[in-house]
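Enquirer:
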Amino acid sequence: MVAENSFLVNPDQKEFIDRLDAEFYHPKYRKNPFVKDLLEPLGRVAETVNRKPEPGQRYHYIELSSLDKETKRIKEAEQLELYDYQDLPSRAKTIVQAGDILVSKLGEKMITVVEQKHQGSVATNAFIVLRPQVDLSSEAFAFILELEPVKKQLERYSYGLRQRITNRDFKKIKLPIPKRIEDRRRLESRVDYYLAEKKRVVEEYQSLFSQLEDILLEELSIEVTTEEDRDSFQVPGEMIEVASFAPKFYSPEYVVVLNQIKEHDYKSYRLRELVEQVAVGRPLRASKEGDTKYLTSKNIEQLEIDLSKLASTEVSGTISSLEEGDLVVVTAGSKLGTTALVSEEAAGVTFNNHIYRLVTTERIDQFYLAVYLNSILGDKQFKRYIGGAMHQNISKQDLSNLEILLPPKEIQQRISNKLREVYKRIKAGYQQLEEEKEEIEEKVISMLSK
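Here the sequence shown stands for residues 1 to 450, numbered as in full-length UniProt numbering.
As structure tokens, this is what we get:
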């Protein structure tokens with residue numbers, strides 16, 4: 001009996017000289033539903049862009065984390081770092097223009113089309129920057145790149161634990177490009193319809209967390225007064241805490257919000273008084289041979305866990321696993337403070353040392369706490385306690401010191417029910433959009449397979 005991962009490789013095929021890794025020749029990559037006459041190497045139908053930044057200019061910097069994981073769109077310009085030419089990160093290599101297509105070289109190969117508002121920004125060299133050289137819109141071209149059979153090719157040409165693809169191999173990917181003008185216009189029409197629907201749903205989805213925050217603040221009767229971050233301010237002696245002597249800790253930007261929490265009619269409690277356990281994950285290293293799935297900060301979104309791309313590792317000894325109803329909090333990096341609720345599907349998964357697991361007491365509703373920590377009431381406190389110059393983080397002790405407003409349990413549950421209702425409605429719309437995308441993909445694949 002031949003094992004499932006055993007297969008024969010023909011040494012005469014022309015790719016054999018370039019790729020000696022067995023996985024490249026796996027039978028799962030042999031199926032291609034597209035008409036052979038429509039297939040073109042990407043290098044023939046798209047140009048790899050290489051526009052260099054120029055001295056004396058300022059640029060917004062597009063890095064991998066600048067792409068919203070859910071919407072696949074670049075964040076608003078004001079959310080991007082702005083650099084003078086001489087201060088640009090060493091990886092900032094390519095000026096982008098509206099209509100360029102960005103494809104990440106690592107991991108799941110996120111794909112996005114540059115919009116007019118990001119014209120003239122500079123992209124990290126972790127992206128391949130493309131411009132179609134055929135009579136097809138950038139949006140339709142990007143849609144083809146995201147078709148499942150094409151993504152299989154991207155997976156095939158990727159290598160290493162981080163699943164990197166080189167520019168040279170990327171140009172070998174074969175794309176189905178309609179030859180007839182009417183087929184190209186039909187493809188563009190279907191993609192435009194989908195993108196219009198996506199824009200509507202995405203805008204609603206992007207407003208989800210601000211809606212949840214607005215409901216939370218309204219129900220708590222809080223109108224948060226914010227202060228601009230500033231370099232100079234006075235700190236009264238009675239404010240000094242043993243917890244920190246860092247000036248930033250006493251910035252009005254954070255203290256104003258904290259005072260509103262402490263002066264509220266509802267009593268506030270330290271987080272440590274509302275949890276039974278705060279557990280930190282183990283340092284884990286990804287391994288293709290490993291059979292233990294684990295979460296990293298990349299899997300943690302506001303309120304939910306993305307289980308679609310879990311890392312694998314080899315683990316010996318006892319490991320801590322999540323249980324339904326736990327909360328997970330990102331403790332380091334750009335997503336520091338992002339909090340999600342563990343669902344039934346995520347129960348049993350372990351996690352790395354950039355995540356804290358919170359097991360709450362019965363005094364607090366978990367969904368209420370998750371929204372609270374993701375809101376401005378939590379965000380300003382996370383930023384207040386941030387440590388680390390090169391790699392931002394929050395310690396277990398500092399996390400436990402966060403102030404949590406605690407209404408009576410019945411009021412918490414009333415607030416939680418309102419929040420869940422809005423959350424479920426918007427998520428249902430987003431799920432419907434994903435189903436519509438699958439239908440359009442099937443129609444496009446069918447059109448290109450005849």
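Beta carbons are placed, not taken as given, at the ideal position from N, Cα and C, and that holds for glycine.
Label residue 133 either buried or exposed according to how many other C-beta atoms from any shown protein chain fall within 10 Å of its C-beta, with 16 as the threshold for buried.
Expert: It is exposed - the Cβ of residue 133 has fewer than 16 other Cβ atoms within 10 Å.
Enquirer: If we count the other Cβ atoms within 10 Å of its Cβ and call it buried at 16 or more, is residue 8 buried or exposed?
Expert: That one is exposed.
Enquirer: Could you give the DSSP three-state label for residue 437: helix, strand or coil?
Expert: Helix, per DSSP.
Enquirer: Note down the Cα distance separating residue 358 from residue 423, rounded to an integer number of angstroms.
Expert: Going from the Cα of residue 358 to the Cα of residue 423 covers about 22 Å.
Enquirer: Step through the CB atoms of chain D and report whether any lies within less than 7 Å of the CB of residue 424.
Expert: Given the protein chain composition of this structure (a single chain), no chain D is represented.
Enquirer: Take residue 158 and list the residues in its own chain whose beta-carbon comes closer than 7 Å to its own, dropping the five residues that flank it on each side.
Expert: Excluding sequence neighbours, residue 158 sits near 164 and 165.
Enquirer: Judging by CA-CA distance, which residue of 19, 106 and 120 is the nearest neighbour of residue 52?
Expert: When each option's Cα is compared against that of residue 52, the closest is 120.
Enquirer: Looking at the secondary structure, which residues open and close the alpha helix (DSSP H) in which residue 152 lies?
Expert: Per DSSP, residue 152 belongs to the alpha helix (DSSP H) from 148 to 157.
Enquirer: DSSP three-state label for residue 221, please.
Expert: Residue 221: coil per DSSP, three-state reduction.
Enquirer: So, does the stretch 330 to 337 touch the stretch 249 to 265, judging by three or more C-beta pairs under 8 Å?
Expert: Contact between the stretch 330 to 337 and the stretch 249 to 265 is absent, because fewer than three Cβ pairs lie under 8 Å.
Enquirer: Touching or not, the stretch 113 to 129 and the stretch 404 to 415, by the rule of three or more beta carbon pairs under 8 Å?
Expert: Short answer: they don't touch.
Enquirer: From residue 213 to residue 206, what distance separates their C-alpha atoms?
Expert: Cα to Cα, the separation comes out at about 12 Å.
Enquirer: Verify whether the separation of the beta carbon atoms of residue 274 and residue 361 is less than 7 Å.
Expert: Yes. Within cutoff.
Enquirer: Let me know the secondary structure DSSP gives residue 387 once reduced to three states.
Expert: Here residue 387 sits in strand by DSSP.
Enquirer: What are the uninterrupted segments assigned as beta strand (DSSP E) that are 3 or more residues long and contained completely in the stretch 14 to 80, given in chain order?
Expert: DSSP runs (the beta strand (DSSP E)) wholly in the stretch 14 to 80: 39 to 41, 46 to 48 and 58 to 62.
Enquirer: Kindly examine the ligand GTP and report whether one of its heavy atoms sits closer than 6 Å to the Cβ of residue 96.
Expert: Although the ligand GTP was asked about, the structure shown includes no ligands whatsoever.
Enquirer: Measure the C-alpha to C-alpha separation of residue 208 and residue 123 and round it to an integer number of angstroms.
Expert: For residue 208 and residue 123, the distance between alpha carbons rounds to 28 Å.
Enquirer: Using 7 Å as the threshold, is the C-beta distance between residue 342 and residue 324 below it?
Expert: Contact: yes.
Enquirer: Touching or not, the stretch 81 to 100 and the stretch 57 to 66, by the rule of three or more beta carbon pairs under 8 Å?
Expert: The stretch 81 to 100 vs the stretch 57 to 66: in contact.
Enquirer: Among 293, 297 and 322, whose alpha-carbon lies nearest the alpha-carbon of residue 312?
Expert: Residue 312 has its Cα closest to that of 293, out of 293, 297 and 322.
Enquirer: Please state whether DSSP places residue 351 in a helix, a strand or coil.
Expert: Here residue 351 sits in strand by DSSP.
Enquirer: Tell me which same chain residues have a C-beta within less than 8 Å of the C-beta of residue 82, skipping the five on either side of it?
Expert: Cβ neighbours of residue 82 beyond the five flanking positions: 58, 59, 60 and 61.
Enquirer: Alpha carbons only, please: which of 223, 295 and 433 is nearest the one belonging to residue 340?
Expert: Nearest C-alpha to residue 340: 295.
Enquirer: Can you give me the C-alpha to C-alpha distance between residue 32 and residue 149, rounded to a whole angstrom?
Expert: Whole-angstrom Cα-Cα distance: 7 Å.
Enquirer: Verify whether the separation of the beta carbon atoms of residue 469 and residue 270 is less than 7 Å.
Expert: Look at the range of the chain in this structure, 1 to 450, and you will see that residue 469 is not part of it.
Enquirer: With contact counted as at least three CB pairs below 8 Å, one residue from each stretch, are the stretch 167 to 186 and the stretch 36 to 54 in contact?
Expert: Yes, since at least three Cβ pairs between the stretch 167 to 186 and the stretch 36 to 54 fall closer than 8 Å, the two stretches touch.
Enquirer: Enumerate in chain order the residues of its own chain whose CB-to-CB distance from residue 47 is below 6 Å, with the five nearest sequence positions on each side excluded.
Expert: Answer for residue 47: 131 and 133, listed in chain order.
Enquirer: Am I right that residue 284 and residue 329 are in contact with their C-beta atoms under 8 Å? What's the rounded C-beta distance?
Expert: Actually they do not touch by this definition, with Cβ atoms about 17 Å apart.
Enquirer: Is it true that the CB of residue 201 sits closer than 7 Å to the CB of residue 372?
Expert: No, the Cβ-Cβ distance between residue 372 and residue 201 is not below 7 Å.
Enquirer: Nearest to residue 156 by alpha carbon, out of 356, 183 and 105?
Expert: With distances taken between Cα atoms, residue 156 lies closest to 105.
Enquirer: Kindly indicate which three-state DSSP category residue 7 falls into: helix, strand or coil?
Expert: In this structure, residue 7 counts as coil in the three-state DSSP scheme.
Enquirer: To the nearest angstrom, how far is it from the Cα of residue 210 to the Cα of residue 35?
Expert: Using only the alpha carbons, I get a separation of about 46 Å.
Enquirer: Suppose the cutoff is 7 Å on Cβ atoms and the five residues either side in sequence are ignored; what does the same chain contact list for residue 146 look like?
Expert: Same-chain partners within the cutoff: 111.
Enquirer: Output the distance between the C-alpha atoms of residue 193 and residue 181, rounded to the nearest integer angstrom.
Expert: So the alpha carbons of these two residues sit roughly 18 Å apart.
Enquirer: Quick one, are the C-beta atoms of residue 195 and residue 139 less than 7 Å apart?
Expert: Yes; because the gap between Cβ atoms is below 7 Å, this pair is in contact.
Enquirer: Could you pull the start and end residues of the beta strand (DSSP E) that residue 89 belongs to?
Expert: It is not in any beta strand (DSSP E) - residue 89 carries neither H nor E in the DSSP assignment.
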